[in-house]
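Below is one structure, written out as structure tokens; the observations come after it.
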Amino acid sequence: MTNLNLIPVFNGSIQNQPVQLCNARDLHSFLEVGKVFGAWIQDRINEYGFIQDEDYFVITERTNGRPRKEYHITLDMGKELGMVERNERGRQIRQYFIRCERTLKALQQPQQLALPEPEKFTFEFTEYELQQLAWLWFAFKRGIGTFQHIERAFNVLGSNMSSQIYGQAYEYLSVLRSTNQILNRITSDFDIDQMTNWRVLQHLRDFNQKAVKIDF
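Residue numbers (this note's numbering): 424 to 639.
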């Protein structure tokens, strides 16, 4: 299954409002949860306070003559269910739902013949200010690496901070990558100098854009 279609997403309505939905059973299967579906979905609903007919609705289908409950959930609920699993599959499904929402939003916007060029600005920085921006990026990188390092321990301890720490550890990777590209571009004329503040350029230029696990 490709990243373009991890699980089916379909259009529906809750409280007469159009909304994108998915089947919680499909999500459960993708996340590879080590618990039977019925117990898992009820535990998550109770633990995180999801509201029927607001975050999800239930339909009953017959399979081999036996009734079976299906939970059709909003993508917001799906994103949270993915995040609280605190694993790579949870991160993948959350990003997938975000892409589905963005695709729908783009389709709903009026089509333009051509996108305008993004506005560009010119700024002047002193050498010291550029160095500080580069060190700020390095501190940001170390912060993400630290959160990734401690996230598992907080999860094992059952801390109520574990979901927030997981978010800090993985939600800002795209920002870390894009700011690395920007700073590499605007400091391209400078050389690495281990005897000055420009030693930070070593970290900036050695950064792996494809990395998910960040060292600190």
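Cβ coordinates follow ideal geometry from the N, Cα and C atoms, glycine included.
Mapping the DSSP letters down to three states, classify residue i as helix, strand or coil.
i: Gly590; result: helix
i: Ile437; result: strand
i: Phe548; result: coil
i: Thr569; result: helix
i: Thr425; result: Annotation note: pLDDT 41 at Thr425 (below 50); position unreliable, no value reported.
i: Val623; result: helix
i: Val442; result: strand
i: Glu455; result: coil
i: Thr610; result: coil
For residue i, which residues in the same chain have their Cβ closer than 7 Å to its Cβ, ignoring the five residues on either side in sequence?
i: Leu504; result: Leu450, Arg467
i: Leu429; result: Phe453, Gln515, Ile516, Tyr519
i: Phe613; result: Trp621, Leu624
i: Ser436; result: Val442
Residue i to residue j, Cα distance in whole Å?
i: Ser601; j: Thr545; result: 19 Å
i: Arg522; j: Ser582; result: 30 Å
i: Phe433; j: Arg491; result: 20 Å
i: Ile567; j: Ile573; result: 10 Å
i: Gly501; j: Gly590; result: 15 Å
i: Arg509; j: Ala447; result: 17 Å
i: Ser611; j: Thr619; result: 16 Å
i: Phe480; j: Leu530; result: 26 Å
i: Gln475; j: Phe548; result: 54 Å
i: Asn603; j: Glu455; result: 34 Å
i: Leu498; j: Glu542; result: 33 Å
i: Gln554; j: Ile464; result: 50 Å
i: Phe563; j: Leu599; result: 8 Å
i: Leu559; j: Leu596; result: 15 Å
i: Arg575; j: Tyr471; result: 20 Å
i: Leu580; j: Val507; result: 15 Å
Taking 6 Å as the limit between beta carbons, can you name the residues of its chain near residue i, skipping five residues before and five after?
i: Ser585; result: Phe577, Asn578
i: His626; result: Phe561
Considering only C-alpha positions, which residue in the set the options is nearest to residue i?
i: Ile496; options: Pro490, Thr483, Phe473; result: Phe473
i: Val442; options: Glu477, Ile464, Ala462; result: Glu477
i: Ile637; options: Leu580, Glu594, Thr610; result: Glu594
i: Phe570; options: Gln555, Ile615, Arg525, Ile588; result: Ile588
i: Arg608; options: Arg575, Ala557, Gln532; result: Ala557
i: Glu511; options: Ala592, Glu552, Arg565; result: Ala592
Can you find the residues in the same chain that come closer than 8 Å, C-beta to C-beta, to residue i, ignoring five residues on each side of it along the sequence?
i: Thr425; result: Per-residue confidence for Thr425 stands at a pLDDT of 41, beneath the threshold of 50, marking its modelled position as unreliable; no derived number is given.
i: Lys407; result: The chain is shown from 424 up to 639; residue 407 falls before or after that span and cannot be answered.
i: Glu493; result: Asn446, Ala447, Arg448, Val481, Ile482, Thr483, Glu484
i: Asp629; result: none
- Message: Report the start-end ranges of each alpha helix (DSSP H) in the segment 471-554 that is 4 residues or longer and not cut off at the edges.
- Response: 498-508, 511-531
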